[in-house]
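Single-structure report; data block below.
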Ligand code: BGC
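Residue numbers (the numbering used here): 165 to 415.
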């Protein structure tokens with residue numbers, strides 16, 4: 165079965181049709197720049213455009229880089245603050261005319277990694293981390309997700325983990341891989357102290373270049389690159405929508 169997954173990020177909004185039984189993207193992704201400012205109505209119009217592009221009818225899974233509780237956006241670290249308190253599911257369903265499930269972007273990436281990527285069959289405590297504009301986190305215990313963990317905002321160095329160790333920080337501060345790996349190491353040390361995970365799965369756009377920094381990291385837990393790289397958000401969103409919205413009528 166094909167479900168449309170859409171990954172809403174700080175710079176791009178990407179959609180793709182996902183074959184949910186196997187977790188593959190079918191055909192080309194469609195990418196539109198995130199409107200700036202990324203106010204709710206402007207983003208909703210792009211989501212509607214992505215749905216039209218695929219001439220799609222049916223449940224849509226959508227990621228968002230925020231805490232999402234029961235469809236409502238609770239935080240806005242790297243998006244327009246007007247999102248806070250917005251019922252994102254209602255807004256996007258109305259704009260697109262299709263039932264939309266909204267979930268945190270790292271949670272979506274984690275769901276895809278556990279099902280089809282580097283976390284397949286992994287028991288115990290698995291932490292999926294996405295390094296991009298921010299740092300996203302998803303924790304699984306024996307395959308069950310604890311949503312909205314937001315560990316990119318753990319206090320660190322007078323700010324938070326993502327200010328110090330995200331991929332944006334690497335680019336902004338023009339860090340060499342070794343210098344950035346030292347920051348990531350400090351962040352992972354904090355996560356290990358708090359959670360003693362069995363496995364770290366490192367995702368986000370930078371995970372395509374994992375051989376440049378993963379070998380420099382030393383953790384008690386095993387640490388592996390994401391299997392789906394940057395597509396995990398789209399795939400995980402589609403999987404979640406399939407499970408939660410299958411059979412739901414168009415809005
Ligand atoms: C947001 C998270 C998101 C992460 C990755 C953080 O700034 O607070 O919700 O998962 O960035 O996009």
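Yeah, the Cβ is synthetic: ideal placement off N, Cα and C, and Gly gets one too.
> Nearest-angstrom Cα distance between residue 409 and residue 296?
Replying inline: Sequence index remark: in the chain shown, residue 409 carries index 245 (1-based). Sequence index remark: in the chain shown, residue 296 carries index 132 (1-based). Approximately 29 Å between the Cα atoms of the pair.
> So, are the CB atoms of residue 353 and residue 288 less than 8 Å apart?
Replying inline: The residue given as residue 353 occupies position 189 in the chain shown. The residue given as residue 288 occupies position 124 in the chain shown. For residue 353 and residue 288, no; Cβs fall outside 8 Å.
>> Closer than 8 Å is the cut-off here; do at least three beta carbon pairs connect the segment 307-325 with the segment 269-278?
In response: yes
> Do you know whose CA, among 393, 340 and 369, lies nearest residue 380's CA?
Replying inline: Taking the chain shown and counting its residues from 1, the one referred to as residue 380 is at position 216. Considering only 393, 340 and 369, the residue with the shortest C-alpha distance to residue 380 is 340.
> Secondary structure at residue 230, three-state DSSP: helix, strand or coil?
Replying inline: Position 66 of the chain shown holds residue 230. Note: residue 230 maps to coil in three-state DSSP.
> Is it buried or exposed for residue 322, if we count other Cβ within 10 angstroms and need 16 for buried?
Replying inline: What you label residue 322 is simply residue 158 of the chain shown in a count that begins at 1. Exposed, because fewer than 16 other Cβ atoms sit within 10 Å of the Cβ of residue 322.
>> Nearer than 7 Å: is that true of the beta carbon of residue 338 relative to any heavy atom of the ligand BGC?
In response: Numbered from its first residue, the chain shown carries residue 338 at position 174. For the ligand BGC, not one heavy atom lies less than 7 Å from the Cβ of residue 338.
>> With a threshold of 7 Å (Cβ to nearest heavy atom), would residue 365 be considered close to the ligand BGC?
In response: Here residue 365 corresponds to residue number 201 of the chain shown, with the count starting at 1. Residue 365 Cβ: outside cutoff for every heavy atom of the ligand BGC.
> Which residues share a DSSP beta bridge with residue 166?
Replying inline: Translated into the one-based positions of the chain shown, residue 166 becomes position 2. For residue 166, which the question treats as bridged, DSSP gives the partners 183.
>> Quick check on this structure: which residue in 356, 259, 186 and 188 has the alpha carbon closest to the alpha carbon of residue 205?
In response: Taking the first residue of the chain shown as position 1, residue 205 is located at position 41. Here the closest residue by C-alpha is 259.
>> Taking the straight line between their C-alpha atoms, what separation do you get for residue 324 and residue 346?
In response: The sequence position of residue 324 within the chain shown is 160, counting from 1. The sequence position of residue 346 within the chain shown is 182, counting from 1. Straight-line Cα distance between these residues: approximately 16 Å.
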